[in-house]
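In the UniProt record's numbering, the protein residues as written are 1 to 682.
Don't be surprised by glycine CBs; every beta carbon is placed ideally from N, CA and C.
Here the structure is a predicted model, which is why all the values come from computation and not from measurement.
For reference, the structure is listed below as structure tokens.
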DNA sequence: GAGCACTGC
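Here it is, written out as structure tokens:
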């Protein structure tokens, strides 16, 4: 197979930012800067598309409570808008402009860029706050970038967010759970503190929905003064900066989009003479590896005179080193092909991409409240996602996006991905809302209401766990657990560690289960090596050598610390250095909460029975018993569960016949992850 | 006898 002819229908140019309108270079540049490098920065700032809208934005923020800013990524809103506000005097001493991001890297990298533009050291006038890292100054910081989760947490300490004059919720179209919770809280705060200004920044599609949300007034009660006649919220549209991206569809649907992706990569490489790298969106690791292997079979057939093709995988399971390879600049005679999961849709930006190939699917986690199980399923992408994926081709020059589905399929795609709050376990969010004084969940103004069944299921869980009393209010232990940055079952485990005298070990286990992907699966030899290494921790490391996943995690952690937290040690034992280091941070943070709640740090001194009893007390809802065919039945409703192949319990019969597990994941089968054997009479 | 979208506190 040498060349493949592609039958693509091209309906003409469309896609993000088809207008190529950028700020003209002839505009007068006003410079207040004292030196040349600052002059360069100032000129750059004024060339951004958002600069033309500066006065309009400032006027709207002065006049309206809520400004919904719509613009493509790259138009400068994240970096410029907080600076405009700062320059216009919105952050006098004692008040701060907050800008929230759904991801940690975004908060840190944007803060550092803005600090540079402002001409200040990061952490002085411009800072950031993410979990484990507060690079801000209580007195000096005027612009603060932060993760939305951190600002939500701050509302638990300061319910009116009184130190902020303006809160900008960035990337609101992603509808992360904390974005939704924050929008609800902010709408409430605005009633009590009208001086607060809110900016919601979003990509196009749902701007009208957000406008209606803020302009509706359903929860108005008698003791709150009526709002002014003028609408609460207004939309400001910014022009995009992105280059046009031509969209091409398949004429006929494909039954195997991985193979179609390989064909399309090959044809693009041979037919498109213009240099530029290729980015392919697939749904998961397995597909990426198949795509890579099928592509490598074609490589020897590359005709003479063509540039080389350099394929690279990109997904979250890779080590940092492997991930960094996709950013290496391409030599002149090589074309890079990055074959990626959804991580490249928003989290990771690779420069130099000119061609995007989109399989049209994504893996999404969905919580089913009636079964209390969450499952990972492959579903068609939304139109918003497809637009975002296509936009990855137009960051530095005009590009092309090949969609591996038909134009009519494209029209039937849902407009946007359902908000996270509609497909997640609400136990923790509801506990936190209760801690914020939202007692009546039906009156809380959700941007999108979660399914009633999810709310009921979460309330039932919280009542059973003793976090909420019969009156619907938080119990004293509920108030404490609401503060803890862990799930309800883990918090219970930490609290009962006092009775079982194993605080030290439970603390470590709590940190380790909070980190995913501790054990690395090496490229090529799926599972085998990792399993070998994992078994070392179960059998050879440490005194607690039962075959239990929780104890294996404990042993791995202790060994990591004992061998000096070294990254090369991790590499040799198929452990993720990133994950292990994160566990160290989480453990330190949880330790502070234990100190605050007066929980002792006893060690069980190798008495694994006490430790396992303590685990059982936390995972009291997650029990299962072994049955003859090697599967398990859940204690709660007799469902069929299987042991996850990553578990050290995989294909071993528990002596007692009973286990508790950390979580259930439903993919092709229903798997219990992180398992510990218990005695039935516990 | 066989598997791992992505975030966040």
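Would you mind listing the beta strand (DSSP E) stretches within the region 54-101 that are 3+ residues and don't spill past its ends, in chain order? Runs of the beta strand (DSSP E) lying entirely within the region 54-101 and spanning at least 3 residues, in chain order: 66-70 and 96-101.
Just tell me which of 92, 129 and 153 has its CA closest to the CA of residue 107. The count along the first chain starts at 1 and reaches residue 107 at position 107. Minimum Cα distance to residue 107 is reached at 129.
Please say whether residue 361 and residue 283 have beta carbons closer to each other than 8 Å? As a first step, residue 283 must be located in the first chain, where it is residue number 283. As a first step, residue 361 must be located in the first chain, where it is residue number 361. Yes, the pair counts as a contact, with Cβ atoms nearer than the cut-off.
Starting from residue 313, trace the beta strand (DSSP E) in both directions and tell me its first and last residue. Position 313 of the first chain, counted from the first residue, corresponds to residue 313. Its beta strand (DSSP E) spans residues 308-314.
Measuring only the C-alpha atoms, how far is residue 375 from residue 127? Position 375 of the first chain, counted from the start, is the residue given in the question as residue 375. Position 127 of the first chain, counted from the start, is the residue given in the question as residue 127. Each residue's Cα considered, the two are about 38 Å apart.
Can you check which of these residues, 472, 118, 110 and 551, is closest to residue 749 by C-alpha distance? Coverage of the chain is limited to positions 1 through 682, which leaves residue 749 absent and any answer about it impossible.
Going by DSSP, what residue range makes up the beta strand (DSSP E) through residue 199? By one-based count along the first chain, residue 199 stands at place 199. Bounds of the beta strand (DSSP E) holding residue 199 are 197-202.
Pull up the CB-CB distance for residue 196 and residue 151, whole angstroms please, since I reckon it's below 8 Å. As a working mapping, residue 196 is identified with position 196 in the first chain. As a working mapping, residue 151 is identified with position 151 in the first chain. Their Cβ separation, rounded to whole angstroms, is 13 Å, which puts residue 196 and residue 151 out of contact at 8 Å.
Check whether residue 477 and residue 618 have beta carbons under 8 Å apart: As a first step, residue 477 is located in the first chain; it is residue number 477 there, counting from the start. As a first step, residue 618 is located in the first chain; it is residue number 618 there, counting from the start. It is not a contact, given that the beta carbons lie outside the stated cut-off.
Going by DSSP, which residues form a beta bridge with residue 368? Here the question's residue 368 lines up with position 368 in the first chain. Answer is 373, bridged to residue 368.
Secondary structure of residue 350, DSSP reduced to three states: For this step, residue 350 is matched to residue 350 along the first chain. Residue state, collapsed to three classes: coil.
In chain order, which continuous runs of the alpha helix (DSSP H) of length 4 or greater are located wholly inside the region 366-447? Here the runs fully enclosed are 383-391, 407-412 and 427-435.
List in chain order: all unbroken alpha helix (DSSP H) runs of 4+ residues lying wholly within the region 280-306. DSSP runs (the alpha helix (DSSP H)) wholly in the region 280-306: 285-298.
Taking a contact to mean a Cβ-Cβ separation below 8 Å, would you say residue 429 touches residue 181 in this structure? As a first step, residue 429 must be located in the first chain, where it is residue number 429. As a first step, residue 181 must be located in the first chain, where it is residue number 181. Yes.
Euclidean distance between Cα positions of residue 680 and residue 623: The residue given as residue 680 occupies position 680 in the first chain. The residue given as residue 623 occupies position 623 in the first chain. If I take the Cα positions, the gap works out to 10 Å.
Taking the C-alpha atoms as reference points, what is the distance between residue 293 and residue 256? Sequence index remark: in the first chain, residue 293 carries index 293 (1-based). Sequence index remark: in the first chain, residue 256 carries index 256 (1-based). Going by the C-alpha atoms only, they are around 15 Å apart.
From the DSSP secondary-structure annotation, give me the bridge partner or partners of residue 658. Start at 1 with the first residue of the first chain, and residue 658 comes out as number 658. Under DSSP, residue 658 takes part in a beta bridge, and its partners are 625 and 678.
Could you tell me whether the Cβ atoms of residue 201 and residue 77 are closer together than 8 Å? Walking along the first chain from the start, residue 201 turns up at place 201. Walking along the first chain from the start, residue 77 turns up at place 77. Yes, Cβ-Cβ distance for residue 201 and residue 77 is below 8 Å.
What does the alpha-carbon distance come out to for the pair residue 250 and residue 409? In the first chain, counting from the first residue as 1, residue 250 sits at position 250. In the first chain, counting from the first residue as 1, residue 409 sits at position 409. When only Cα atoms are considered, residue 250 and residue 409 end up about 10 Å apart.
Which of the three DSSP states, helix, strand or coil, is assigned to residue 153? In the first chain, the residue the question calls residue 153 occupies position 153. In the structure shown, residue 153 sits in a helix (DSSP, three-state: H, G or I).
Which stretch, first to last residue, makes up the beta strand (DSSP E) that contains residue 359? Within the first chain, the letter at position 359 stands for residue 359. Taken as a continuous stretch (DSSP letters only), residue 359 belongs to no beta strand (DSSP E), as it is neither H nor E.
Based on DSSP bridge pairs, tell me the residues matched to residue 672. Counted from its first residue, the first chain places residue 672 at position 672. 643 and 664, per the DSSP bridge assignment.
Applying the 10 Å Cβ sphere with the 16-neighbour rule, what's the burial state of residue 503? Working through the first chain from its first residue, we reach residue 503 at position 503. It is buried - the Cβ of residue 503 has at least 16 other Cβ atoms within 10 Å.
Among 380, 147 and 311, nearest to residue 299 - alpha-carbon criterion: Residue numbering aside, residue 299 sits at position 299 when the first chain is read from its first letter. The residue with the shortest Cα to Cα distance from residue 299 is 311.
So, does the region 465-484 touch the region 430-446, judging by three or more C-beta pairs under 8 Å? As far as the Cβ criterion goes, the region 465-484 touches the region 430-446, which means the pair count is three or higher.
Assuming residue 684 and residue 338 are in contact, meaning their beta carbons sit under 8 Å apart, how far apart are those beta carbons, in whole angstroms? The requested residue 684 does not occur in the structure, where the chain is confined to residues 1 to 682.
Express the C-alpha separation of residue 95 and residue 83 in angstroms, rounding to a whole number. Taking the first chain and counting its residues from 1, the one referred to as residue 83 is at position 83. Taking the first chain and counting its residues from 1, the one referred to as residue 95 is at position 95. Each residue's Cα considered, the two are about 14 Å apart.
May I ask you to verify whether the region 505-524 touches the region 589-609, counting CB pairs closer than 8 Å and requiring at least 3? Yes, they touch.
Just the Cα atoms here: how many angstroms apart are residue 101 and residue 341? Counting from 1 along the first chain, the entry for residue 101 is found at position 101. Counting from 1 along the first chain, the entry for residue 341 is found at position 341. When rounded, the distance between both Cα atoms is 21 Å.
If you draw a straight line from the C-alpha of residue 462 to the C-alpha of residue 45, how long is it? Walking along the first chain from the start, residue 462 turns up at place 462. Walking along the first chain from the start, residue 45 turns up at place 45. Rounded to the nearest angstrom, the two C-alpha atoms are 50 Å apart.
How big is the Cα-Cα spacing for residue 212 and residue 173? Residue numbering aside, residue 212 sits at position 212 when the first chain is read from its first letter. Residue numbering aside, residue 173 sits at position 173 when the first chain is read from its first letter. Here the alpha carbon of residue 212 sits roughly 15 Å from the alpha carbon of residue 173.
Residue range of the unbroken alpha helix (DSSP H) whose run includes residue 213: As a first step, residue 213 is located in the first chain; it is residue number 213 there, counting from the start. DSSP places residue 213 in the uninterrupted alpha helix (DSSP H) bounded by 207-215.
Residue 137 to residue 647 span [Cα, whole Å]: Translated into positions along the first chain, residue 137 becomes position 137. Translated into positions along the first chain, residue 647 becomes position 647. Taking the Cα positions, residue 137 is about 45 Å away from residue 647.
Considering just the uninterrupted stretch of the beta strand (DSSP E) at residue 144, what are its terminal residues? To locate residue 144, count along the first chain from 1; it is residue 144. 143-147 is the span of the beta strand (DSSP E), which, as asked, contains residue 144.
Where residue 665 and residue 53 are concerned, what is the direct C-alpha to C-alpha distance, given to the nearest angstrom? Counted from its first residue, the first chain places residue 665 at position 665. Counted from its first residue, the first chain places residue 53 at position 53. Straight-line spacing of the CA atoms in residue 665 and residue 53 works out to 47 Å.
Tell me, to the nearest whole angstrom, how far the beta carbon of residue 481 is from that of residue 493; I am working on the premise that it is less than 8 Å. Your numbering for residue 481 matches position 481 in the first chain. Your numbering for residue 493 matches position 493 in the first chain. 11 Å between Cβ atoms; not a contact.
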